[in-house]
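Numbering (this note's numbering), first residue to last: 295 to 467.
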C-alpha cells in the first residue's frame with residue numbers, strides 16, 4: 295500500500311500544481327507551429343520558486359532567431375535568443391517574481407501556415423500573481439520556419455495594447 299499512496303500523492307501534486315505539470319509536459323518539442331508558440335507561453339509561466347527550464351525555452355528557437363520586445367512605452371529592444379533568455383532570467387530573479395511567479399497566457403491566436411513558413415498573431419496577457427498591478431495585454435507577431443521536420447521560432451516582435459494602440463484587425467472578434 296505505501297507505493298499506492300506515493301502514486302496517489304504524485305498524481306495529486308501533478309493535477310493541482312500547473313507549474314509542476316508545465317515542465318513535465320513540455321519535455322518534448324511540439325509538432326505544429328501553433329503548438330510551438332503555445333509551448334513558449336507555457337514555459338515562461340512559472341510558480342513561486344519554480345523558474346522556467348531555459349534549455350526548453352531555447353530549444354523552441356532557431357539559432358539565428360531575433361526577438362524585438364517593447365521595453366518601455368517609447369522604446370523596443372532587439373535581442374538574440376541568449377539575450378532574450380538573459381533578460382527574462384533577470385526579471386524572473388526579481389525578489390517579487392521569485393516569491394509570486396509569473397503568468398503569461400494566450401487570450402487569442404490567429405495563424406497562417408504556408409508550406410514551411412508560418413505566421414501567428416497572439417494577443418496575450420502577462421501578470422505577476424498577487425500583484426496590485428493590472429495584467430498587461432500585448433500583441434506578439436511570430437514568424438516560424440520548418441527545418442529538418444521541426445518548427446522553430448525565427449522571430450518575435452511585440453507591441454503593447456492601449457487606448458492609443460488598439461488591437462489589430464486580425465485579432466478582433
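Note that beta-carbon positions come from the ideal geometry of N, C-alpha and C, so glycine has one too.
As the structure is a prediction and not an experimental result, all values here were calculated from the model.
Measure the alpha-carbon distance for residue i versus residue j and round it to whole angstroms.
i, j, result
"residue 403", "residue 335", "12 Å"
"residue 392", "residue 325", "31 Å"
"residue 365", "residue 448", "20 Å"
"residue 446", "residue 427", "33 Å"
"residue 439", "residue 415", "15 Å"
"residue 459", "residue 341", "31 Å"
"residue 330", "residue 434", "14 Å"
"residue 453", "residue 430", "11 Å"
"residue 372", "residue 411", "22 Å"
"residue 467", "residue 436", "20 Å"
"residue 461", "residue 455", "6 Å"
"residue 451", "residue 378", "12 Å"
"residue 385", "residue 464", "30 Å"
"residue 389", "residue 420", "17 Å"
"residue 308", "residue 353", "Here residue 308 scores only 32 on pLDDT, less than 50, and its place in the model should not be relied on; the value that follows carries that caveat. Approximately 24 Å between the Cα atoms of the pair."
"residue 362", "residue 441", "22 Å"
Using the beta-carbon count (16 or more within 10 Å), is residue i buried or exposed?
i, result
"residue 339", "buried"
"residue 398", "buried"
"residue 382", "buried"
"residue 457", "exposed"
"residue 359", "buried"
"residue 261", "Since the first residue shown for the chain is 295 and the last is 467, residue 261 is missing from the structure and cannot be characterised."
"residue 395", "buried"
"residue 417", "buried"
"residue 333", "buried"
Need the endpoints of the alpha helix (DSSP H) that residue i sits in, please.
i, result
"residue 330", "327-338"
Which residue comes first and which comes last in the beta strand (DSSP E) that contains residue i?
i, result
"residue 363", "355-364"
"residue 432", "430-441"
"residue 372", "370-373"
"residue 449", "444-454"
From the DSSP output, in three-state form, read off residue i for me.
i, result
"residue 464", "helix"
Does residue i have its Cβ less than 9 Å from a Cβ in chain D?
i, result
"residue 388", "Judged by its chain identifiers, the structure shown contains no chain D, having just a single protein chain."
Inside the region 379-419 only - beta strand (DSSP E) runs reaching at least 3 residues: You should have 397-408.
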